[in-house]
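Scroll down for the structure; my scribbles are underneath it.
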Amino acid sequence: IYILNLPIPVISDMITCHLQSEPEAFFTTMHILSAITLPVDLFGVYCIVKKSPPFMKDYSRLLLIYQICATVTDTFTNMLFIPVAFFPFPVVYHAGVLFSYRYLKYSYMFITWLCLMVTTMDAIVQLFVFRWQSLLMNDHPLRLDKKYLILICSLVFVLSNGAVVIAGFSMPNRREELRPIYIQEFSCIAELVDQPGIQYFMAYDFRRLLLVVCVEGLFVILVSFILVYLTFRNFRFTNVTQKTIDLQKRYQKSLIVQVMVPVLVVIVPGCSVLLVGAWCDTLLGYQYTSEIQVVYNLICCIISCHGLFGTIIMVHVNAPYREFVLECIRKIFRMRMCCSSTRAYLRRLSEGKIRDNRPQTTSPGS
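Residues in the sequence shown are numbered from 28 upward in steps of one, following our numbering.
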């Protein structure tokens with residue numbers, strides 16, 4: 028018998044392990060997050076489109092691309108997809124709105140999810156690339172024309188997503204081959220026999236796909252750090268005033284804070300759980316299946332709200348958006364105070380009318 032592409036002798040006793048076939052707490056959390064993240068993400072899109080001043084025109088376009096990618100990724104994760112994985116077994120299914128609990132020859136939804144995450148990560152790189160290029164002098168040898176920058180960034184998008192698609196479609200669902208083996212050997216997989224839509228994959232296929240995503244995540248981190256270094260290094264060679272340099276440095280630091288959220292919320296935990304799940308030995312990891320499932324579900328919840336965190340930080344670090352939000356808050360407070368004053372006035376007015384309508388009592392001697 029071959030499990031996870033490793034020869035394992037047939038054993039008479041079934042290995043006991045524990046999994047939640049339908050983690051209700053995880054599903055409920057994802058539904059709650061979908062109701063929170065989507066309005067906040069769309070509010071971030073509105074701020075970029077309607078409240079960006081003219082001097083932020085080029086930057087706001089790039090920021091809008093990233094915000095749209097984050098919004099779509101969040102919504103896909105916690106509403107349309109909701110991935111459920113049973114590590115260390117390469118067994119998955121999804122419980123979202125689209126094609127949930129259905130047999131699929133390939134993991135189309137899983138491939139789409141990874142492509143969205145990779146596209147969001149690439150949008151981070153383009154922010155740093157255009158920021159670094161905007162600070163270079165026109166005669167600098169590394170200064171590129173905008174059309175070449177667009178071509179390079181588009182090529183990165185195509186190559187990164189193409190690698191995920193190729194690796195994903197080389198990973199067919201081997202349910203008929205692997206399900207009898209898993210059911211015979213592991214009690215937790217035997218409990219999933221009636222669960223619809225479960226997909227079974229070979230370990231080397233699964234590892235190849237996850238390795239591609241992790242390498243691309245590492246590429247994003249390295250390129251981002253290099254571009255940040257080059258940007259700060261360029262400040263020492265610009266012929267501008269110190270005040271302008273300080274302003275540009277503050278702007279660069281705010282950009283770093285804003286885009287480091289996906290790195291800390293998506294790339295690091297996401298790649299960690301994927302690597303652990305893919306390379307964990309089945310005969311050693313089955314003892315911790317329930318713990319691994321809890322950690323995986325928690326990280327999926329964190330990944331699904333990275334756009335929420337990014338929007339909050341974007342509003343905080345960009346003055347035009349921050350002032351708009353503060354003005355909205357002030358208007359809400361003024362409206363509440365006005366409503367409270369109106370209610371108090373109407374209450375006093377009604378009490379006065381009640382007193383006026385009371386019958387007048389006269390004394391007998393009058």
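Every residue, glycine too, gets a C-beta built ideally from N, C-alpha and C.
To the nearest angstrom, how far is it from the Cα of residue 338 to the Cα of residue 135? Translated into positions along the sequence shown, residue 338 becomes position 311. Translated into positions along the sequence shown, residue 135 becomes position 108. Answer to the nearest angstrom: the Cα atoms are 29 angstroms apart.
If you count every other CB in all the chains shown that lies within 10 Å of the CB of residue 152, and 16 or more means buried, which is it? Here the question's residue 152 lines up with position 125 in the sequence shown. Buried, because 16 or more other Cβ atoms sit within 10 Å of the Cβ of residue 152.
Cut-off 7 angstroms between Cβ atoms - residues of its own chain near residue 79, not counting five sequence neighbours on either side: What you label residue 79 is simply residue 52 of the sequence shown in a count that begins at 1. If we look at residue 79 and ignore the five residues flanking it on each side, its Cβ neighbours are 87 and 347.
I'd like to know whether the C-beta atoms of residue 146 and residue 184 end up nearer to each other than 9 angstroms. As a working mapping, residue 146 is identified with position 119 in the sequence shown. As a working mapping, residue 184 is identified with position 157 in the sequence shown. Yes, the pair counts as a contact, with Cβ atoms nearer than the cut-off.
Rounding to the nearest angstrom, what Cα-Cα distance links residue 74 and residue 335 in this structure? Numbered from its first residue, the sequence shown carries residue 74 at position 47. Numbered from its first residue, the sequence shown carries residue 335 at position 308. Roughly 14 angstroms separates the two Cα atoms.
Using a 10 Å radius around the Cβ and a threshold of 16 neighbouring Cβ atoms, would you call residue 355 buried or exposed? Counted from its first residue, the sequence shown places residue 355 at position 328. Flag for residue 355 reads exposed.
Where residue 133 falls: helix, strand or coil (DSSP): On the sequence shown, position 106 is the one that residue 133 refers to. Collapsing the DSSP output to three states places residue 133 in a strand.
Where residue 105 falls, given that 16 or more other Cβ within 10 Å makes a residue buried: Position 78 of the sequence shown, counted from the first residue, corresponds to residue 105. When all chains shown are included, residue 105 counts as buried.
What residues in its chain sit with their C-beta under 7 angstroms from that of residue 156, if we drop five residues either side in the sequence? If you number the sequence shown from 1, residue 156 lands on position 129. The beta carbon of residue 156 is closer than 7 angstroms to those of 176, 180 and 254 in its chain, skipping five residues each way along the sequence.
Straight-line CA distance for residue 35 to residue 42? Along the sequence shown, read from residue 1 onward, the residue named residue 35 stands at position 8. Along the sequence shown, read from residue 1 onward, the residue named residue 42 stands at position 15. Model confidence at residue 35 stands at a pLDDT of 41, short of 50, so the residue's coordinates are unreliable and nothing is read from them.
Answer with buried or exposed for residue 324, where buried requires no fewer than 16 other C-beta atoms within 10 angstroms of its C-beta. Residue 324 sits at position 297 when you count from the first residue of the sequence shown. Residue 324 is buried by the Cβ-count criterion.
For residue 157, does the three-state DSSP call read helix, strand or coil? Within the sequence shown, residue 157 is the residue found at index 130, counting from 1. Three-state DSSP puts residue 157 in a helix.
Smallest Cα separation from residue 250: which of 159, 44, 77 and 59? The count along the sequence shown starts at 1 and reaches residue 250 at position 223. Closest by alpha carbon: 159.
Beta carbon of residue 297, beta carbon of residue 224: below 9 angstroms? Mapped onto the sequence shown, residue 297 falls at position 270. Mapped onto the sequence shown, residue 224 falls at position 197. No, they are not a contact pair.
Going by other Cβ atoms of all chains shown within 10 Å of its Cβ, with 16 needed for buried, is residue 148 buried or exposed? In the sequence shown, counting from the first residue as 1, residue 148 sits at position 121. With 16 or more other Cβ atoms within 10 Å, it is buried.
Endpoints, the beta strand (DSSP E) within which residue 117 is located: Walking along the sequence shown from the start, residue 117 turns up at place 90. No beta strand (DSSP E) holds residue 117; DSSP gives it neither H nor E.
What residues in its chain sit with their C-beta under 7 angstroms from that of residue 326, if we drop five residues either side in the sequence? Position 299 of the sequence shown, counted from the first residue, corresponds to residue 326. The answer, listed in chain order, is 296, 297 and 300.
Per DSSP, cross-strand counterpart(s) of residue 336: Reading the sequence shown from its first residue, position 309 is the one you call residue 336. Paired residues: none, contrary to the question.
Please classify residue 227: does DSSP put it in a helix, a strand, or coil? Residue mapping note: residue 227 aligns to position 200 of the sequence shown, counting from 1. In the three-state scheme derived from DSSP, where H, G and I count as helix and E and B as strand, residue 227 is classed as strand.
Whole angstroms is fine: what's the gap from residue 125's alpha carbon to residue 216's? Looking up residue 125 in the sequence shown gives position 98. Looking up residue 216 in the sequence shown gives position 189. A straight line joining the alpha-carbon of residue 125 with that of residue 216 spans about 24 angstroms.
Rounded C-alpha distance that separates residue 120 from residue 69: Taking the sequence shown and counting its residues from 1, one reaches residue 120 at position 93. Taking the sequence shown and counting its residues from 1, one reaches residue 69 at position 42. Cα-Cα distance, rounded: 28 angstroms.
Residue 194 classed as buried or exposed, judged by whether at least 16 other C-beta atoms fall within 10 angstroms: Counted from its first residue, the sequence shown places residue 194 at position 167. Buried, because 16 or more other Cβ atoms sit within 10 Å of the Cβ of residue 194.
Kindly give me the distance between the Cβ atoms of residue 99 and residue 141, rounded to whole angstroms, as I take these residues to be in contact under 8 angstroms. Taking the first residue of the sequence shown as 1, we reach residue 99 at position 72. Taking the first residue of the sequence shown as 1, we reach residue 141 at position 114. Residue 99 to residue 141, Cβ: 13 angstroms. No contact.
Taking DSSP's pairing of strands, which residues face residue 259 in a bridge? Position 232 of the sequence shown holds residue 259. Its beta-bridge partners do not exist; DSSP assigns none.
Sort out for me which residues DSSP pairs residue 42 with in a bridge. Here residue 42 refers to the residue found at position 15 of the sequence shown. Bridge partners of residue 42: 213.
Confirm, please, whether the CB-CB distance from residue 137 to residue 123 is below 9 angstroms. Position 96 of the sequence shown, counted from the first residue, corresponds to residue 123. Position 110 of the sequence shown, counted from the first residue, corresponds to residue 137. No, they are not a contact pair.
Any idea which residues DSSP pairs residue 50 with across the strands? Within the sequence shown, numbered from 1, the residue matching residue 50 stands at position 23. Under DSSP, residue 50 forms no beta bridge with any residue.
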